[in-house]
Amino acid sequence: MQFACKSASMRYSGFKVFLEGLRGQSGWKPVWRDPEPKQEYDVIIIGGGGHGLSTAYYLARNHGITNVAVLEKGYLGGGNVGRNTTIVRANYFLPGNSEFYSHSLKLWEGLEADLNYNVMHSQRGLINLFHSDGQRDAFARRGNAMINQGDDAILLDREGVRRHLPYLDFDNARFPVYGGLFHPRGGTARHDAVAWGYARGADQRGVDLIQQCEVTGIDIENGRVTGVQTTRGAIRAKKVAMVVAGRSSEVAAMAGMRLPIESHVLQAFVTEGLKPCIDHVVSFGMGHFYISQSDKGGLVFGGDIDFYASYAQRGNLPMKEHVMEAGMALMPMIGQARVLRSWGGIMDMSPDGSPIIDKTHIEGLTLNCGWCYGGFKAVPASGFATAHLVATGELHETAAGFRLDRFETGRGLMDEEGTGAQHNLH
Amino acid sequence: MRLTCPHCGDRDLREFTYKGDALALLRPDETANPQEWVDYVHNRDNPAGTTSELWYHGPCGSWLVAVRDTTTHVTHRTLSLAEAGK
Amino acid sequence: MRVAGRGLIDRDRPIRFSFDGKPIEAFDGDTVASALLANDVALMGRSFKYHRPRGVVTAGSDEPNALISVGPGIDIAPNTQATMQEVYDGLIARSQNRWPSLKFDAMAINDLFSPFLAAGFYYKTFMWPRAFWEALYEPIIRRAAGLGALSGAPDPDRSEKAYAHCDVLVVGAGPSGLMAAEAAAEAGADVILATEENRVGGRLLSERETIDGESGDVWADARVARLAARGNVRVMTRTTVTGAYDNGTYGALERVALHVTPGEGPPPTCFWRITAGRAILAAGALERSIAFPMNDRPGIMSAAAIRTYLHRYGVSPGQRIAVFGNNDDAHRTAADLTEAGIKVAALIDTREDATTSGDWPFYPGADVIETQGRLRLEGITIRKPGGGTLRIGADALAVSGGWNPAVHLTCHMNGRPVWNEDIAAFVPRENAVPGLIPCGAANGVFSSRACLEDGIRAASDALTALGRKSSFVALPEADDTPYRLSPKWVVEAPGRSWLDLQNDVTTKDVTLAAKENFRSVEHMKRYTTQGMATDQGKGSNVTALALLADATGRTIADTGTTTFRPPYTPVAISSMGAGHSGKGFAPERFTTSHAASVKAGAPMIEAGLWYRPSYFPEPGEATWREACDREVRMVRERVGVADVSTLGKIDIQGPDAGAFLDFVYTNTFSTLKEGRVRYGLMLREDGHVMDDGTTARLGANHYLMTTTTAAAGPVMAHLEFVAQGLRPDLNVRLVSATEQWAQFAVAGPKAQAVLDTLVDEDVTDADWPFMSCRDVHVSGVPGRLFRISFSGERGYELAVPARYGASLWRLLLAQAESFGGGAYGMEALNVLRIEKGFITHAEIHGRTTAFDIGMQGMMSRKKEFIGKALAARQGLLDPSRERLVGLRPKDPQNEMTAGGFLFERGAAPTRANAQGYTTSVCYSPTLETPLALGFVKSGPDRLGEDMRFVDHLRGLDFAVELTHPVAFDEEGGRMRG
Amino acid sequence: MAKLIARPATDGLLPIEIGKAILEDAQPQAITWVAPFNRKKSAVSKTLGGFPGPGEVVEVKAGRALSVGPGQAMILGAPLDCEGAAVADQSDAWTVVALEGAAARDVLARVTPLDLRDAVFPEGGTARTLVGHMTASLTRVGPFRFEIMVFRSMTQTLIHELERAMKHVDARTKL
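Protein chains in written order, with our numbering: chain A, 1 to 426; chain B, 427 to 512; chain C, 513 to 1489; chain D, 1490 to 1664.
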């Protein structure tokens, strides 16, 4: 379904870029408006990150609901969507996750055409390395689950990995490479562009994107949500969706909820620009290390979370060093690459390492949280499913596993890591 | 970051392992209802601010409670579990 | 060109290196940049996007343009700042991001298309057709982007890391840093004085100033010599403090040997982890430019850099230099150049009321509006206050737009700096990093005298915070001229004015971003890439911000600033990851039988951090399977020995040891008799299986727990937590005993016979029933014997103190061989246990419950234990859960794989149809069939059912039968016998 | 009758001397872990001839007692048993090496995050800490002499890491 655009928007194309080049870039319009908040909306989405913006977009695009406000306390895309390692993949193996990330990847594959925005989704292939027979078995199960789901996976032996990644340490590695699980459709996308593309798409369909507007309270009357209090005044709404990964516990607390979430910092790193040297996304589970090279030439890589609760959006030295050590151990050819910048995001860590998209006990209030460190690739399907839930009151089939009550019932837990209910271990 | 082990004193972060909210010490008794147990294992206050956490100083085997600010990473104080129990 | 009689270089020590293959003459003390300028090389690099010719603009670590690749050796360092690379004999410097040569770069064609390549253009195009992105657009973009190239060879990992601790860390050794270090040291504090430069003095090395009547370098050297003579000061030159972290921890990169010819000797770099009671930030300030049209030509430089080259290196970048500025430093530059005999072509001061005392063409109130020259500057065009323009010939242009305090470290904990209108710059926010005290120019204090004074003040603050008394330190005599400027960010004139030189961000890009409503400073940065180049916008961010403020009608203070994140200057992965390539990545743990196993030709495999033998090949065996099959048959028919020392052993003692075990295991141990062993199952509090293993009761108050190899550490921490936190009421003590014992499994019908030859006591069945244990002696050495079995055969585990391990292994092997047996490895061990349906972490993978593995009966109803409550959740007891089964192919020719899926016969192999999966597989030489363990929905209720086994990855698809997990000797007669 | 032969963990690997530091074997006759049970600490202390508090080393009848954890000591010297305490023979669980020389502290600064300054870690001090990625026990037995204990299985890694650090410290003197 396509709906008529409300704002004075423009279509992007190579021809348009050419034309504007000739006229000195004078014809470009604002990518989004800066509207004043209205007194009331049909739907308020708290959180102008990737998931909030995609929720707004799909509410408008799929359900025709455009009287929507996205409230962002900072700037659009300022949270985790703008501070991650940009990896897009569909390589989960537990039911509940499989179908969701599979759906998300399909949405990614049509995203540029859908948004008319180049998010540089690059399906350069993802290779997960394994270093023992046991790990091979676990990855085989994963790969088979991916194919069961209809996605792609290829099991590489050591020589197969060497053909793709000749620069790994095959001679002296502490944990020798046994092989890898290759996911050809895996890859990366330009993270900021995803937020901006969805924001633009939502704005074009009439959604009000309101920045510098912090929600300070959630209004509830008789068990039903009626609106929110913000730093820019009270705004009424029939429905409210909390889509604020990183800050979920704080926002949910405004509605009297206590979530199964702990916030942790995940660091990521980028090196100075280099001529192309790493063509895939490579993941080294043994050392908690993953890397790809951006189109600008920087090596973008990361490791595990810092392991302690944090809202500080910055990490500490030991984890940085561990990540660099893993890089040296896996692919010593990157040794002379210099790390230019490191940053930290706040991760909503859930007890089973999988997210939550569900209704709450308060009518009209929807919850989207718990993305751990896998939120970026989920942006399209998360918004799609959250919009579906808000619009129809029903869980979308691709996200039916993300129920909040699974911890209470023990049914459908999705603990891909198998580390159990300790939030920081996923 | 640095933490204070109740046995060894001020030490580098890399000597420690984190477990989670110190409410893990408040284990419900056998008679608690199922909801209390679900809550105990899964749900967290998770404040942006001061919280109490369990850490393990691996080299000496001491567990400790750190009262710490999650926004500034300032540790206000650390306690041995014996002290925390009181 | 070199200026006679100036500079802190050693003209008696000439050095030769090469740049793009051309030999360059330099002197000791030069950087590559100063040497190139001395040799009249103005063109040093190409910009990132438009490949425009570029020269050096700074003399320090804020350099955006002069990036080179440095060799020799295989560890070629790309993107090295020529301003930071000291010269050494044989150094090979190469320019980057150009083809075929620096002077003629084909990619410079990009510059012709620059009208079409505005900020963010790529978000608006390259979308069609979809397949072209990976196939065409992206490869072209990737190849054109990037700067230098890695060599592709593995890094030799020669660097090191170290820790340091001090009371006061002083960052920067200019006037304020030196005074702070001295004042802190005088008071008795341990001080580390770190400077990025190869010598102390900071800005004093770059100016014509005197302190206490001495030239800056002489004064600084004397001060530091006195400091170094004290026992409590460590002076670290070539050391950049790169990051401020929590609780007084700092990262610092020391360039130990990057200034000498590479060799096997000293490590190239050392990455320091410094813990400081207090730190003083005396990192100085960075001069910023003014954006004016075509301000990027080689020869256009920071005025402060020109003074540095002149005074420190005895180099002038030109013979006719114009100076352009908005503050008195422009005048200082003109005066210094004149004094050195360099012609000042013009002094252009944007301030209309400025006056001059010098003898040079002076243009107050004027702006530079255009420049000429392609590969180096030839001239400039200025616009006079009245409106007329004038062309001035010049081969270099010194630009001073004012100073930005180096506030970076104070922002590493998210503390945004504060706008100071007086100096039109950001200064550190108070207490932005707890314990970090800014002073001097980093604090917005600019005259030398004020910096010296502020250094003493900072030290005094630090000492007070540390509870120490300050000692008196005399304030040296120094220049106290105030700093005066009139803010000028951008010259309004037609043409392209660069902000971020490396990334080719122009003023128009910033205004375009604002026009497209990327008004937030973070949006502007990300959209235009301003400040995202290797210099992190050190020289350009504030100017871009001022422009954005103007374009959006806000003040600079309201516009805010982006955050500076660590590292302050880029740090090589080989520095922060030093010493951990190859085997250095993690500790290696060796069993006492390791050498013997290696000698026997056994391939060693990883098991946690341990190495364990996979199998023991014999002559004539072509595959691992042949060896494995033989080892399995050997154990089943005769006897095998295996090293099981890697399993975790935890010694548990105390009056309440039994009660303690009852609490951590699902089953009961307080009732276990002395001298007996029991299998135990441990849950996590969330009701899933944590670990399993046997626990022996060695005495009334003494138990020995066995854990799996991988879980040894986590289980120990878990038990400590229970003892200290959950059950402090229990009087119990724990210690790891894993490493004390070398422990060997002896399994098979002849096991007892082997033991008889080595154990001093009689090992009779009467005394040694299945699951018994006791102290024994092995050839007189005290040891422990356990009658337990992981193979399903009559089995024992014999333990002796580790020092005897190698010896006992040799003896056991000899005895086993004498009975027709031998050693068996992990492969055979795995087959033996699969035949018996024994589980490992392949089955208890963190998602399984006791119910799933058929051990619900082990969950005691009579007592409390960890995990009991949540294991009772309905979802964990649902009969339709995937539960443990055995599997066997209908056709024994079909070998199953682990990780394959199971479907009902005839069902399509899709997620929705999946019934379960395999976890462990083997070929059973005993039963002459492949076997597997796996999990199937309602599995135990479906035994005998035929299912479809599919492994898409390996192309397998055949029928299997669900069986009981125990495939061999279900009654257990062989191990009990 | 076959005879079991004891082999030290550092067999053939030590000593190593590089520049101003020497690394040598320092394995004591026995290492005994002692942890008094509740309310037995003073009795145990009396039996042993002392019991170390946190960070302390005390000379006891059997040898040198290091504090190794809350309420736990490791006694390096003669084997012993003790009423009222959990006791475990750890003689073979740990490898003890000594690093001595003017460069010893600089070498250690490359492998341990412990603050080694005199005021914090004086002669006679002991600490449980990390050496590389290994948990270790570190004791300062002289002004320029440190004893380092790690689990026996990691002996080679310990020696390798210390040797690398010794080389680096020495190489700097040649700059």
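Backbone N, C-alpha and C fix where the C-beta goes; we use that ideal spot for every residue, glycine too.
CA-to-CA distance, residue j to residue i, given in whole angstroms
i, j, result
"Glu458 of chain C", "Arg1196 of chain C", "Lying before the first or after the last residue shown, residue 458 of chain C is absent from chain C, which here runs from 513 to 1489."
"Ala516 of chain C", "Gly826 of chain C", "7 Å"
"Ile154 of chain A", "Gln123 of chain A", "15 Å"
"Gly1539 of chain D", "Val1547 of chain D", "7 Å"
"Lys512 of chain B", "Ser506 of chain B", "10 Å"
"Leu429 of chain B", "Pro1421 of chain C", "52 Å"
"Ala1551 of chain D", "Pro1517 of chain D", "11 Å"
"Phe850 of chain C", "Asp879 of chain C", "It is Thr, not Phe, that sits at residue 850 of chain C in the sequence shown. Distance between the alpha carbons of Thr850 of chain C and Asp879 of chain C is about 22 Å."
"Phe3 of chain A", "Thr392 of chain A", "With a pLDDT of 36 at Phe3 of chain A, under the threshold of 50, the modelled position of that residue is not reliable, and the figure given next carries that caveat. Near 18 Å, if we compare the C-alpha coordinates of Thr392 of chain A and Phe3 of chain A."
"Leu1388 of chain C", "Tyr1177 of chain C", "18 Å"
"Ile802 of chain C", "Ala268 of chain A", "33 Å"
"Asn361 of chain A", "Gly223 of chain A", "Note that residue 361 of chain A is His in the sequence shown, not Asn. About 8 Å."
"Ala1114 of chain C", "Ser1126 of chain C", "6 Å"
Coarse secondary structure for residue i, derived from DSSP in three states
i, result
"Thr1475 of chain C", "strand"
"Gln1042 of chain C", "coil"
"Gln1454 of chain D", "Shown here, chain D extends from 1490 to 1664; a query on residue 1454 of chain D therefore has no answer."
"Phe644 of chain C", "helix"
"Asn91 of chain A", "coil"
"Val945 of chain C", "coil"
"Leu505 of chain B", "strand"
"Asp617 of chain C", "strand"
"Gln1236 of chain C", "helix"
"Tyr466 of chain B", "helix"
"Ser1534 of chain D", "helix"
"Glu1067 of chain C", "The sequence shown places Thr at residue 1067 of chain C, not Glu. Coil, per DSSP."
Integer-rounded CB distance, given that residue j should sit under 8 Å from residue i
i, j, result
"Ile357 of chain A", "Val228 of chain A", "So it is not a contact: roughly 20 Å between Cβ atoms."
"Gly1379 of chain C", "Gly1199 of chain C", "5 Å"
"Ser688 of chain C", "Leu964 of chain C", "7 Å"
"Phe1461 of chain C", "Met1408 of chain C", "6 Å"
"Gly49 of chain A", "Val81 of chain A", "5 Å"
"Leu490 of chain B", "Ala450 of chain B", "Actually they do not touch by this definition, with Cβ atoms about 13 Å apart."
"His771 of chain C", "Glu598 of chain C", "4 Å"
Next item on the list: Please go through the stretch 704-787 of chain C and give each complete beta strand (DSSP E) segment of 3 or more residues, from N-terminal end onward.
Entry: The stretch 704-787 of chain C contains these whole beta strand (DSSP E) runs: 745-748, 751-757 and 761-766.
Note to self: For the pair the stretch 1026-1046 of chain C and the stretch 1056-1075 of chain C, tell me if three or more CB-CB distances fall below 8 Å.
What the structure shows: Enough Cβ pairs lie closer than 8 Å, so yes.
Next item on the list: Within the stretch 858-893 of chain C, note down every full beta strand (DSSP E) run reaching 3 residues or more, in order along the chain.
Entry: 874-876 and 879-884, all fully within the stretch 858-893 of chain C.
Next item on the list: Please confirm if the stretch 1002-1015 of chain C is in contact with the stretch 1030-1045 of chain C, defined as three or more CB-CB distances below 8 Å between the two stretches.
Entry: In the pairwise beta carbon analysis, the stretch 1002-1015 of chain C is classified as touching the stretch 1030-1045 of chain C: at least three pairs are separated by under 8 Å.
Next item on the list: Determine contact between the stretch 940-958 of chain C and the stretch 811-824 of chain C, defined as no fewer than three beta-carbon pairs at a distance below 8 Å.
Entry: No: the two stretches stay apart, fewer than three of their Cβ pairs being nearer than 8 Å.
Notebook entry, point to check: So, do the stretch 24-36 of chain A and the stretch 379-392 of chain A have three or more beta carbon pairs nearer to each other than 8 Å?
Noted result: Between the stretch 24-36 of chain A and the stretch 379-392 of chain A there are fewer than three C-beta pairs closer than 8 Å, too few to call the two in contact.
Margin query: Restricting to runs no shorter than 3 residues, where is the beta strand (DSSP E) found entirely within the stretch 323-352 of chain A?
Written below: Complete beta strand (DSSP E) runs here, min 3: 338-349.
Notebook entry, point to check: Just checking, does the stretch 210-223 of chain A make contact with the stretch 250-258 of chain A on the three C-beta pairs under 8 Å criterion?
Noted result: The stretch 210-223 of chain A, when compared against the stretch 250-258 of chain A, does touch it at the 8 Å Cβ threshold.
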